[in-house]
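Engineer:
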Amino acid sequence: MKHTDMTTQHQFTSLEAYQREFTNVTFWRSSIERVCQHQQLVGSLSDINIRTGLPGTNPVFIIDERFVIKFYEIRLFLSGSRSFQIERNLYSWLKLPDLLIPQLVASGTLDDWPYIITQAIPGSSFGEMRAQISQTDRHALATLLGQTLRYLHQIPISSHPILSQMRDEFIDFIQKQTKECVERHRRWNTLPEHLIQQIPSYLHEHERLVPVSLIHADVTCDHVLGVFDSEGGHWHATGLIDFADAWVGDPAYELVALHCSVFEFDTNLLNTFLQAYQLFNERLVERAMVAMLLFEFNAFEDVAQHRSAVLCTATTLQELAESIWTVENK
C-alpha cells in the first residue's frame, strides 16, 4: 500500500548525505512513526522505543524489540528495488528448520521509499559478540550453518515464482562480473598484478555450469544473530537476517562471505561447516576461488586483513586458492 507522508528531507542527493543520516533515529523518527501509525503496529506513538540496526545499505529500525522496519534506498542504489522485491517475497513464505529468518508483517511505500515490516528476532550479531564466543560455540555455529544452508540450497526452484526470476538475474549478473572481472580487480588494486593477469585463463579453465540453488549470498558476521544462554553461558545462533542480496545460483558463491566474514579464513571452521553441509564434493577449491573472483564486493580485502602473507607469496591463482580454501578432513 502506498502513502505519501515522507518529507522531502529524505530525498538524498549524495551518498555522503545518506551515510550521515543513516543511523540517526531523530532524523527518521517522523517517518517511522507514520509507518507505525499507518500499519497500526503500536497503540501509542508517544512512548515507542526505536533503536537502529547495524549500518549497511538500507536503514533498519527496531521498534519496541517486536518489529523491524527496513526502508530501501532506490535512487542511490540500483539494487534497491530488487532488494525490496526479494525480501518482501521471501519473508512471506520461506522458513528454515533451526534458525529464524524475518517473517513479513506488512510492506508498503512511503512516498518513494519502499519498506517492509518484519517480526524482530532476538539476539545480537555474531560480529558484535565474536570476542566473547568460545571456539566450541564457533564450531557449533559452523555445524548449524552447514545444516541450515544445506536445507536452503535444497529448496526446489519450483517452490515460488520469484525463484525463477532470481535464477535469470544471477545468470546476467555472473556474465557481467565475468566480462568486467579484470578491470574490476585492477580498480580495487588488492590482488597483485601478476595474479590479475591470470584471471581470464583461470575463469576459462574452472568456470562450469552447475545445478543452481537458492542462496543467501551475504552470510556475514552482521547477519547471524544469537544469544548467550543463562545457564552455561554458551552462545547459540537464533536467526539469519538480510536476504536482500539473495540469488538462485551456484552454492559455491555462498561460501565467500561466510568464509571471509564469519570464519575469518579459519579452515578448521570451514571444515566443520563442510562436514555438516555434505553437498560439496569435487573441485571445491576451484569453485570457491571462481566465486571469490566474481563476487560483487572485494573479498580479497578480507584476505589482506587476515591472511596478508598469502597475497604476497602466491605466484599463481591456484596457489592462492589452495591456501584459502583447502581443508584437512578430520
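Under my numbering, the sequence shown is numbered contiguously, ending at residue 382. Note that CB positions come from ideal geometry on N, CA and C, so glycine has one too.
#1: If we call anything under 7 Å between Cβ atoms a contact, is residue 97 one with residue 85?
#2: Given this structure, state the Cα-to-Cα distance separating residue 234 from residue 368, to the nearest angstrom.
#3: Is it buried or exposed, residue 361, if we count other Cβ atoms within 10 angstroms and call 16 or more buried?
#4: Considering residue 167, what are the terminal residues of the beta strand (DSSP E) in which it resides?
#5: Are residue 219 and residue 264 closer than 7 Å when you measure CB to CB?
#6: Tell me which same chain residues have a C-beta within less than 7 Å of the C-beta of residue 237, skipping the five on either side of it?
#7: Does residue 120 pass the burial test, meaning 16 or more other C-beta atoms within 10 Å, or should it be called exposed?
#8: Span of the beta strand (DSSP E) holding residue 100?
#9: Runs of 3 residues minimum, wholly inside the region 227 to 306: which ones carry the beta strand (DSSP E) assignment?
#10: Classify residue 376 as buried or exposed, calling it buried when 16 or more other Cβ atoms lie within 10 Å of its own Cβ.
#11: How many whole angstroms separate the CB atoms of residue 359 and residue 317, which I take to be in contact at a CB cut-off of 8 Å?
#12: Within this structure, are the beta carbons of residue 289 and residue 193 separated by less than 7 Å?
#13: Should residue 273 go down as buried or exposed, given a rule of 16 or more other Cβ atoms within 10 Å for buried?
#14: How about residue 136 and residue 174: are their beta carbons less than 7 Å apart?
#15: To test your reading of the DSSP string, which unbroken alpha helix (DSSP H) runs of 4 or more residues are found completely within the region 112 to 190?
#16: Answer with buried or exposed for residue 352, where buried requires no fewer than 16 other C-beta atoms within 10 angstroms of its C-beta.
#17: Where do the N-terminal and C-terminal ends of the alpha helix (DSSP H) with residue 211 fall, by residue?
#18: How many Å lie between residue 299 and residue 197 at the Cα?
#19: Cα separation between residue 90 and residue 107?
#20: Name the residue from 69, 100 and 186 whose alpha carbon lies nearest to the alpha carbon of residue 127.
#21: Report the rounded CA-to-CA distance for residue 171 versus residue 254, giving the unit in angstroms.
#22: Pick helix, strand or coil for residue 359, following the three-state DSSP scheme.
#23: Quick one: is residue 349 buried, meaning 16 or more other Cβ sit within 10 Å of its Cβ, or exposed?
#24: Please state the DSSP three-state secondary structure of residue 198.
#25: Going along the chain, which residues of its own chain have a beta-carbon closer than 6 Å to the beta-carbon of residue 319, five neighbours each way excluded?
#26: Applying the criterion that 16 or more other CB atoms from any shown protein chain within 10 Å of the CB defines a buried residue, is residue 141 buried or exposed?
#27: Compute the Euclidean distance between the alpha carbons of residue 287 and residue 276, then round it to the nearest angstrom.
#28: Less than 7 Å between the beta carbons of residue 154 and residue 267, yes or no?
#29: What residues in its chain sit with their C-beta under 8 Å from that of residue 342, if we drop five residues either side in the sequence?
Structural biologist: On the basis of the data shown:
#1: The residue given as residue 97 occupies position 45 in the sequence shown. The residue given as residue 85 occupies position 33 in the sequence shown. Cβ distance < 7 Å, so residue 97 and residue 85 count as in contact.
#2: For the purposes of this step, residue 234 is taken as residue 182 along the sequence shown, with counting starting at 1. For the purposes of this step, residue 368 is taken as residue 316 along the sequence shown, with counting starting at 1. Distance between the alpha carbons of residue 234 and residue 368: 15 Å.
#3: Position 309 of the sequence shown holds residue 361. With fewer than 16 other Cβ atoms within 10 Å, it is exposed.
#4: Reading the sequence shown from its first residue, position 115 is the one you call residue 167. Start and end: 165 to 171.
#5: Stepping through the sequence shown from its first residue, residue 219 is reached at position 167. Stepping through the sequence shown from its first residue, residue 264 is reached at position 212. For residue 219 and residue 264, yes; Cβs fall inside 7 Å.
#6: For the purposes of this step, residue 237 is taken as the residue at position 185 of the sequence shown. These residues qualify, in order along the chain: 243, 248 and 251.
#7: Taking the first residue of the sequence shown as 1, we reach residue 120 at position 68. Here residue 120 is buried: its Cβ has 16 or more other Cβ atoms, across all protein chains shown, within 10 Å.
#8: Looking up residue 100 in the sequence shown gives position 48. Element bounds for residue 100: n/a, residue is neither H nor E.
#9: Within the region 227 to 306, the complete beta strand (DSSP E) runs of at least 3 residues fall at 265 to 267, 276 to 280, 287 to 292 and 299 to 301.
#10: Position 324 of the sequence shown, counted from the start, is the residue given in the question as residue 376. Label assigned to residue 376: buried.
#11: What you label residue 359 is simply residue 307 of the sequence shown in a count that begins at 1. What you label residue 317 is simply residue 265 of the sequence shown in a count that begins at 1. At roughly 5 Å, the Cβ-Cβ gap stays under 8 Å, so residue 359 and residue 317 are in contact.
#12: Stepping through the sequence shown from its first residue, residue 289 is reached at position 237. Stepping through the sequence shown from its first residue, residue 193 is reached at position 141. Result yes, Cβ atoms of residue 289 and residue 193 sit closer than 7 Å.
#13: Mapped onto the sequence shown, residue 273 falls at position 221. With 16 or more neighbouring CB atoms inside 10 Å of its own CB, residue 273 falls in the buried class.
#14: Position 84 of the sequence shown holds residue 136. Position 122 of the sequence shown holds residue 174. No, the pair does not count as a contact, with Cβ atoms beyond the cut-off.
#15: Counting whole runs of 4 or more residues, the region 112 to 190 contains the alpha helix (DSSP H) stretches 132 to 142 and 178 to 181.
#16: The count along the sequence shown starts at 1 and reaches residue 352 at position 300. Residue 352 comes out buried.
#17: Your numbering for residue 211 matches position 159 in the sequence shown. From DSSP, residue 211 is part of no alpha helix (DSSP H); its letter is neither H nor E.
#18: In the sequence shown, residue 299 corresponds to position 247, counting from 1. In the sequence shown, residue 197 corresponds to position 145, counting from 1. Near 18 Å, if we compare the C-alpha coordinates of residue 197 and residue 299.
#19: Translated into the one-based positions of the sequence shown, residue 90 becomes position 38. Translated into the one-based positions of the sequence shown, residue 107 becomes position 55. When rounded, the distance between both Cα atoms is 26 Å.
#20: Along the sequence shown, one-based indexing puts residue 127 at 75. Minimum Cα distance to residue 127 is reached at 69.
#21: Reading the sequence shown from its first residue, position 119 is the one you call residue 171. Reading the sequence shown from its first residue, position 202 is the one you call residue 254. One C-alpha to the other measures close to 44 Å.
#22: The count along the sequence shown starts at 1 and reaches residue 359 at position 307. It is coil, neither helix nor strand.
#23: Start at 1 with the first residue of the sequence shown, and residue 349 comes out as number 297. Exposed, because fewer than 16 other Cβ atoms sit within 10 Å of the Cβ of residue 349.
#24: Counting from 1 along the sequence shown, the entry for residue 198 is found at position 146. Correct three-state label for residue 198: helix.
#25: Numbered from its first residue, the sequence shown carries residue 319 at position 267. Its chain contains 379 as the residues whose beta carbon lies nearer than 6 Å to that of residue 319, once the 5 sequence neighbours on both sides are disregarded; these appear in chain order.
#26: Sequence index remark: in the sequence shown, residue 141 carries index 89 (1-based). Looking at its Cβ environment, which holds 16 or more other Cβ atoms inside 10 Å, residue 141 is buried.
#27: For this step, residue 287 is matched to residue 235 along the sequence shown. For this step, residue 276 is matched to residue 224 along the sequence shown. Their backbone Cα atoms lie some 12 Å apart in a straight line.
#28: Residue 154 sits at position 102 when you count from the first residue of the sequence shown. Residue 267 sits at position 215 when you count from the first residue of the sequence shown. Contact flag unset, no.
#29: Within the sequence shown, residue 342 is the residue found at index 290, counting from 1. Around residue 342: 254, 255, 258, 259 and 304.
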